[in-house]
Structures are given as C-alpha cells and as structure tokens.
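One structure below.
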Amino acid sequence: MQNRVRGTLISFEGIDGSGKSTQIELIKKYLHKNKKKVLFTREPGGTLEAELIRKLLLSKNKKIKFDNKTEILLLLAARYEHYKKLIEPAITNGKIIICDRFIDSTLAYQCTGNNELKEFYFQISKPLINNFVPDLTILLDISPTKALERINKRKNKNKYDNKNLSFFSNVRKGYNELAKNNSRIQKLNALNDKSILAEKIRKLIFNLLK
Ligand code: TYD
Numbered sequence: 005m006q007n008r009v010r011g012t013l014i015s016f017e018g019i020d021g022s023g024k025s026t027q028i029e030l031i032k033k034y035l036h037k038n039k040k041k042v043l044f045t046r047e048p049g050g051t052l053e054a055e056l057i058r059k060l061l062l063s064k065n066k067k068i069k070f071d072n073k074t075e076i077l078l079l080l081a082a083r084y085e086h087y088k089k090l091i092e093p094a095i096t097n098g099k100i101i102i103c104d105r106f107i108d109s110t111l112a113y114q115c116t117g118n119n120e121l122k123e124f125y126f127q128i129s130k131p132l133i134n135n136f137v138p139d140l141t142i143l144l145d146i147s148p149t150k151a152l153e154r155i156n157k158r159k160n161k162n163k164y165d166n167k168n169l170s171f172f173s174n175v176r177k178g179y180n181e182l183a184k185n186n187s188r189i190q191k192l193n194a195l196n197d198k199s200i201l202a203e204k205i206r207k208l209i210f211n212l213l214k
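If you want the numbering used here, it's the position in the sequence shown, counting the first as 1, plus 4.
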C-alpha cells in the first residue's frame, strides 16, 4: 500500500489590527503565482455551517452578550464543523491548509487569565479535535495602542474591534504566553515594513514545506 503523506496546517494569529488579513492576502498571491496548491480557510467559519455560527458570534447587536462559556461552546461548535468536514479530510489527503485564526485565538481571546475557562475549553475541545495542533503558527505581534489606531481607521469593524486597550493587552499577553510555551508559534513584529514581513513569512512557510 502506498504511504500517504500527511498534510500541513499553518495558522495565522494576532490581535485585531495586527495586519493578519493583509499578510494572508500577500502569501495567497505569492503561492498562487508559484502554482502551489494551498487551501485557504478561516475561523470561526470555513464551512457553510461554521460560517452560520460565525454570524451569531460576531453579531453587532449590542443587546446580544453570550456568557463566556456559551461563547466558547459556539466557537468550538464552529471549530468542530470546520475540523470534521474540511481540515481533517484535507490533512488526511496531504493538503496544505492556511487558516486565518485557529485554536490559539480561543485560548488568547476567551481564556487568558482565567484558569476555569481554560480548563473548560480543554475539556470540551479534547474529544472534538483530539489535541490537533497546527504545524506552524505565525503570530503577528503588535502593541494594542498601534492596533487600535489601525482599527479606528476601518469602516467595517467587527464585534471584537470595539473592545478597548485593556482587552487587547490581555489578549496579547495570552498570545505571548502561548508563543513562549510552543515552538510551533513564530512571533513576528507586525510593525515591520509590509514587504519585509511578507518575506519573513514566506521563508517560514518554505522552510516548513521543503
Ligand atoms: P477576524 O476574522 O480576524 O476578524 P475580521 O472580521 O476583522 O477579519 O476574526 C473575527 C473575530 O473573532 C476576531 O475579533 C477574534 C474573534 N475570535 C475569538 O475571539 N476567538 C476565536 O477562537 C476565534 C477563532 C476568533
């Protein structure tokens, strides 16, 4: 029997305003130009069902405030749909996937500084995705002050974009703790020039794929 090569998942992470979307667009163009077949997806979302859950999570109705645990459950419901229907089959078929946000977003946004929520997250997540982690995570690091400057220039803000400095400082702290404890996470300074940053990202991805 032929040995199937396992696929690869690369995730992009960072607080809102870190320039993640711009860098994902640049790597997408580059890989396309070089005829590399890569599947691009995002969280929450990535499948019809998970995108529906995304709409609930990112509702701009100010009256809607999910309890912290409900929010985690919805994020994990979306993740399970995405994982089961798109990521797992793609990984089994040897595909390369680039995912805009994944597990580290939930840990950084929903669980930083709250051990009870962290435990809750791991308990539910474990049987769903069986400790699946990305092969490489590109973390775009930026100070919340700079990130908010960028966000405030945006027309289409999402629900989390309206959070304040202390919220983003806490999320950044969470990301930094994750980066310290996981060698798969490569932290890059998001204030670097756009093309220099893109070059660094290309190198990281090519080193992984070669
Ligand atoms: P993103 O797609 O990066 O935002 P945008 O709409 O600006 O492109 O992410 C949507 C929001 O979802 C973002 O503010 C972070 C949040 N989020 C969490 O809080 N936890 C999670 O687990 C994930 C995947 C996203």
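In this text, a Cβ means the ideal position worked out from N, Cα and C, and glycines have one as well.
When F171, S15, L140, D20 are compared, the shortest CA-CA separation from I155 is found for D20. When rounded, the separation of the alpha-carbon atoms in K167 and A82 is 22 Å.
When beta bridges are read from the DSSP output, Q127 appears opposite no residue.
The beta carbon of T51 sits closer than 6 Å to the beta carbons of E85, H86, K89, L90 from its chain, once the five residues preceding and following it are set aside; these are given in chain order.
Around S173, the same chain offers P148 as residues with beta carbons nearer than 8 Å, after the five sequence neighbours per side are excluded. Relative to the ligand TYD, K184 has its C-beta separated by 8 Å or more from all heavy atoms. Under DSSP, Q190 forms a beta bridge with I142. For F44, the three-state secondary structure derived from DSSP is strand.
The criterion of a C-beta distance shorter than 9 Å is satisfied by T141 and N186. Taking a C-beta distance under 9 Å as the contact criterion, G18 and D145 qualify as a contact pair. Y87 has its CB no nearer than 8 Å to any heavy atom of the ligand TYD. Ranked by Cα distance from K163, the options L60, N38, T26, S15 are led by L60. R46 has its Cβ nearer than 8 Å to a heavy atom of the ligand TYD. Cβ neighbours of K184 within its own chain (closer than 6 Å, five residues either side excluded): none.
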